[in-house]
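Asker: A single structure is presented below for examination.
Residue numbers (the numbering used here): 34 to 960.
Quick look at the structure:
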């Protein structure tokens, strides 16, 4: 038997197995411990059984279930530790996965029926939340069931993730949908038949009336805790907010759960509502196992949305006077709550609603506690004082300084949109207040409202609690005016600070490589598992950064690691599995990076393998976009043509262009296309406007292909896309913002590479360079100003953060010759430095979660390092084809200086003077 004990749960199963344990295996991973009979072969799919549990009930549920499952020889898995069980049942758990403490995999439907009945009897009366994705075996039963995959997925789905797919009776593959409701495929017949419908129960789509009086009009939001609903009280005619708490969600030792929190919140509201700082409760009631709280519906918007809208109406900045009034009002709320004997513990923008008259009201007060007692630690990272959140269990209620920290970070977020969450340092850790002060002073340089409030925010978040009192805050606001301080110098990342961040990041990549694991570097935990060889989150993106670091001469000591990574990827090219064509999620970027690395390593055999693999990438594909589909494949084929001179790559790039046009010109639906017949509209069938999945990315590929392959009609099509992008933009002062897609006005103002200003500007500046059309440059520069202005509001990554956005600013600098944009890129890069955490002596940029670390290119460290290498050493935009046949390559298209590196191939162009062979011409460099 293979076993590695990690927690007491495994010991429970070992006791159940007893002397027969040699016939079973236990294998634990990050989340699950899998238990199988030796030689067990799982079926592909079927009806499986789930048992929920709370942390307190889990050992008894496991012991009762394991005995039955072992007796039947049924494979099963369970949460690997109490921490995982707590995560699965927490109020913030994903609804579609919540509560699934144990999963059983019966061999057939007959065994499913027998096991369900035995498990039902054995666990009857034990605690566990309802599993929303499943159907209960019987009313009140702990046993749930759903149809799904049994074995872990071994094949990528169309999006590039290893997510389960079911085989339909006709042989087609369909997604294994995991929704927060019971949704088996239509052809999967439940093993127990349809459940009896209780008398008087409502049908699907019928109006929802609760407690005989509250008619649900709309769901405000859903969470694992329960829903929040806007309702009509039929007795009074008033609009009322209804909050729901589900049984056993967020359960704690002693049996309390979210229902108890909601009952307690009603008591808090009853105390605070008469003071005018919170909505009044209207009553509590129970429906089934759920508890509902009815309370006054506060008309208005939460502070996050309100401050965003106010800033948008004032040129992207919250006016200093407005910020000052907000600070006074929020300070008054906190002082009033403290005077009433409560500590809020979870003051944050989403827990404040601004009424139409501008007055704020506190909402969602389940974390508020009476001063002087004890309570379980609760709050939100970034807004609750970190020294308090570092505690665990039941501790004395903190003092007012905890709410003052929240007041400071809430003001910071409201005034600037900055997320105050900081990834943790390892010991010795810097005080959070010191780190926030660096960020505040830097961001205040061109933000008048923050400059005015900076001393207040820094004082409220400082580790020394002397100024962390509402009285000090009120005195500061009474003594000072809302006058705008003069603009300060905006810090840029350069010199020793740039070198430190770059060298430490590369050292971290070298220290965390795992050549004997499924993933060469640990994958991001915040995303589903994807192709370990791709650019998005796999090894290819990191390989490209290592290649750039070696070629620039920055890190010659990384040549052995470059070799390890290249060989690791090369050995996996031929492994069975779907090959997707996209540049980022597919294998086109993998072939690109591997070929570049082979040239740097001066390895003709590896280069040949990369070229041969690239020639096998499928080009018949339904998706035309850059990330997953044909435009991305076409960019890689075009790059490899430039790098090798092999005409087959030019021919394949041309095929990609034709296929992109066929799919976007003939697609049903697509983006709104506001232009008349004088402009080409073949890209109107694109799904979105942005670079990763829409018009901008498709146009960028067609522009490069048309320019390099001598096909001016493709340039015309790309220009048509550019005119459409300009036409759908919304001008706000000197910037422009774009919708994500047709009718997506709620997402206006995105400025990411994947969607919004950064990626759209990336295409427009290239269209201007190719066509000379002034409109394209105007909107490219409007996009650049939007990206620069929002540099503190976004995350760190290349896909939707500073790393990708600053790359665009460098593009504008290089393509327009305006050096000011390079300075702005360096200022944007300083945001990475301000958010970096000290980890085991190294200064590292966190991933897009802002709290964790991974090296993945698009969402983690590698993308940030690619930007820093370009800042430090120059070179072109990664993953773009920016020059035509025979033009200066500067290092193969991923970017670089063009200077040869000692011990590596520096010039990767075809033979001098020849240029890549055009289709139909002699091949100067046969494969």
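Think of the CB as a built atom: it goes at the ideal place given N, C-alpha and C, for glycine as much as any other residue. Model, not experiment: these values are computed from the prediction.
1. Since residue 349 contacts residue 768 with CB under 8 Å, what's their CB separation in whole angstroms?
2. If I measure Cβ to Cβ from residue 14 and keep anything under 7 Å in the same chain, skipping five residues before and after, which residues do I get?
3. Per DSSP, which one or two residues make a beta bridge with residue 880?
4. Closest by CA to residue 915, which one among 309, 610 and 802?
5. Taking one C-beta from the stretch 244-251 and one from the stretch 203-210 each time, how about it: are there three or more such pairs within less than 8 Å?
6. Three or more C-beta pairs under 8 Å: does that hold for the stretch 155-172 against the stretch 533-549?
7. Whose C-beta lies closer than 6 Å to the C-beta of residue 412 among residues of the same chain, with five residues either side of it excluded?
8. Taking the C-alpha atoms as reference points, what is the distance between residue 735 and residue 610?
9. Which residue marks the beginning of the beta strand (DSSP E) containing residue 393, and which one marks its end?
10. Quick one: any contact between the stretch 817-827 and the stretch 884-891, if contact means 3 or more CB pairs under 8 Å?
11. Which class does residue 314 belong to by DSSP, given the choice of helix, strand or coil?
12. Would the stretch 319-334 and the stretch 353-371 be scored as touching if the rule is three or more Cβ pairs under 8 Å?
13. On the three-pair Cβ rule with 8 Å, is the stretch 291-311 touching the stretch 212-228?
14. How about the stretch 427-441 and the stretch 368-376: do they share at least three Cβ pairs that are nearer than 8 Å?
15. Check whether the stretch 95-113 touches the stretch 43-59, taking contact to mean three or more Cβ pairs, one atom from each stretch, closer than 8 Å.
16. Could you check where the beta strand (DSSP E) with residue 138 kicks off and where it finishes?
17. Sort out for me which residues DSSP pairs residue 276 with in a bridge.
18. Could you compute how far the alpha carbon of residue 884 sits from the alpha carbon of residue 491?
19. Once you ignore the five residues that flank residue 565 on each side, which residues in its own chain have a CB closer than 8 Å to its CB?
20. Of all the alpha helix (DSSP H) runs that stay within the bounds of the stretch 53-119, which reach a length of 4 or more residues?
21. What do you get for residue 789, buried or exposed, if any count of 16 or more other CB atoms within 10 angstroms of its CB means buried?
22. Closer than 6 Å by C-beta to residue 574: which residues in its own chain qualify, once you throw out the five before and the five after it? Chain order, please.
23. Determine which residues share a DSSP beta bridge with residue 177 and list them.
24. Using a Cβ distance threshold of 8 Å, determine whether the stretch 111-126 contacts the stretch 270-277, with at least three qualifying pairs required.
25. Closest to residue 607 by C-alpha separation, out of 440, 620, 719 and 334, would be which residue?
26. If you run the structure through DSSP and keep just helix, strand and coil, what is residue 335?
27. Tell me the DSSP bridge mates of residue 266?
28. Can you look up residue 920 in the DSSP assignment and give me helix, strand or coil?
29. Give the C-beta separation of residue 794 and residue 817 to the nearest angstrom, bearing in mind that I take them to be a contact with Cβ-Cβ under 8 Å.
30. Under the DSSP definition of a beta bridge, which residues are partnered with residue 375?
31. Ignore the nearest five residues each way along the sequence and tell me which others in residue 318's own chain have a CB closer than 6 Å to its CB.
32. Apart from the five residues just before and just after residue 855, which ones in its own chain have a Cβ nearer than 7 Å to its Cβ?
33. I'd like to confirm the pairing. Which residues does DSSP put opposite residue 208 in its beta bridges?
34. Tell me the DSSP secondary structure of residue 429 in three-state form.
35. What is the C-beta distance between residue 73 and residue 108, in whole angstroms, given that I count them as a contact (C-beta under 8 Å)?
36. Taking just the CA atoms, how far does residue 197 sit from residue 66?
Answerer: Once the coordinates are examined:
1. Numbered from its first residue, the chain shown carries residue 349 at position 316. Numbered from its first residue, the chain shown carries residue 768 at position 735. That pair is a contact at about 7 Å.
2. The question about residue 14 has no answer, for the chain in this structure spans 34 to 960.
3. The residue you call residue 880 lines up with position 847 of the chain shown. Residue pairing for residue 880: DSSP places it in no beta bridge.
4. Locating residue 915 in the chain shown gives position 882, counting from the first residue. Closest option to residue 915, Cα to Cα, is 802.
5. Counting Cβ pairs under 8 Å, fewer than three are found: no touch.
6. They do not touch, by the three-pair rule.
7. Residue mapping note: residue 412 aligns to position 379 of the chain shown, counting from 1. Taking C-beta separations shorter than 6 Å and ignoring five residues to either side along the sequence, the partners of residue 412 in its chain run 378, 379 and 422, following chain order.
8. Taking the chain shown and counting its residues from 1, one reaches residue 735 at position 702. Taking the chain shown and counting its residues from 1, one reaches residue 610 at position 577. Going by the C-alpha atoms only, they are around 29 Å apart.
9. Numbered from 1 along the chain shown, position 360 holds the residue referred to as residue 393. Residues 393-395.
10. Contact between the stretch 817-827 and the stretch 884-891 is absent: fewer than 3 CB-CB pairs across the two stretches fall below 8 Å.
11. As a working mapping, residue 314 is identified with position 281 in the chain shown. The answer is strand: DSSP assigns residue 314 an E or B state.
12. Contact fails: fewer than three Cβ-Cβ distances are below 8 Å.
13. By the criterion of at least three beta-carbon pairs nearer than 8 Å, the stretch 291-311 is not in contact with the stretch 212-228.
14. Per the Cβ contact rule, the stretch 427-441 is in contact with the stretch 368-376 (3 or more Cβ pairs under 8 Å).
15. Under the Cβ criterion (8 Å, minimum of three pairs), the stretch 95-113 counts as touching the stretch 43-59.
16. In the chain shown, residue 138 corresponds to position 105, counting from 1. First-last of the beta strand (DSSP E) with residue 138: 135-138.
17. Translated into positions along the chain shown, residue 276 becomes position 243. Note: residue 276 sits in a beta bridge opposite 261 and 326.
18. Here residue 884 corresponds to residue number 851 of the chain shown, with the count starting at 1. Here residue 491 corresponds to residue number 458 of the chain shown, with the count starting at 1. If you draw a straight line from the Cα of residue 884 to the Cα of residue 491, it is about 21 Å long.
19. As a first step, residue 565 is located in the chain shown; it is residue number 532 there, counting from the start. Closer than 8 Å at Cβ, skipping near neighbours: 551, 552, 553, 556, 571, 572 and 605.
20. You should have 91-104.
21. Position 756 of the chain shown holds residue 789. By the neighbour-count definition (other C-beta atoms within 10 Å, threshold 16), residue 789 is a buried residue.
22. The residue labelled residue 574 in the question sits at position 541 within the chain shown. Only 568, 890 and 895 meet the Cβ criterion.
23. Locating residue 177 in the chain shown gives position 144, where the first residue counts as 1. Per DSSP, 83 and 169.
24. When Cβ pairs closer than 8 Å are counted between the two stretches, the stretch 111-126 is seen not to touch the stretch 270-277, the count staying below three.
25. Counting from 1 along the chain shown, the entry for residue 607 is found at position 574. Among 440, 620, 719 and 334, the Cα nearest to that of residue 607 belongs to 620.
26. Taking the chain shown and counting its residues from 1, one reaches residue 335 at position 302. It is a strand residue.
27. As a working mapping, residue 266 is identified with position 233 in the chain shown. Residue 266 pairs with 247.
28. As a position in the chain shown, residue 920 is number 887, starting the count at 1. Because residue 920 carries a pLDDT of 37, less than 50, the predicted location of this residue cannot be relied on, and the following value inherits that uncertainty. The DSSP-derived three-state label of residue 920 is coil.
29. If you number the chain shown from 1, residue 794 lands on position 761. If you number the chain shown from 1, residue 817 lands on position 784. The beta-carbon distance between residue 794 and residue 817, rounded to whole angstroms, is 6 Å. This is short enough to meet the 8 Å contact definition.
30. Start at 1 with the first residue of the chain shown, and residue 375 comes out as number 342. Residue pairing of residue 375 in beta bridges, as defined by DSSP: 403.
31. The residue you call residue 318 lines up with position 285 of the chain shown. Short of 6 Å from the beta carbon of residue 318, and not among the five residues preceding or following it, lie these beta carbons of its own chain, in chain order: 244 and 325.
32. Against the chain shown, residue 855 aligns to sequence position 822. Only residues of its own chain outside the window of five on either side were considered, and among them 843 and 846 have a CB closer than 7 Å to the CB of residue 855, listed in chain order.
33. Residue 208 sits at position 175 when you count from the first residue of the chain shown. In DSSP, residue 208 forms a bridge with 198.
34. Residue numbering aside, residue 429 sits at position 396 when the chain shown is read from its first letter. Residue state for residue 429 is assigned as strand, using DSSP reduced to three classes.
35. Residue numbering aside, residue 73 sits at position 40 when the chain shown is read from its first letter. Residue numbering aside, residue 108 sits at position 75 when the chain shown is read from its first letter. About 5 Å separates the beta carbons of residue 73 and residue 108, which is inside the 8 Å limit, making them a contact pair.
36. Locating residue 66 in the chain shown gives position 33, where the first residue counts as 1. Locating residue 197 in the chain shown gives position 164, where the first residue counts as 1. Answer to the nearest angstrom: the Cα atoms are 19 Å apart.
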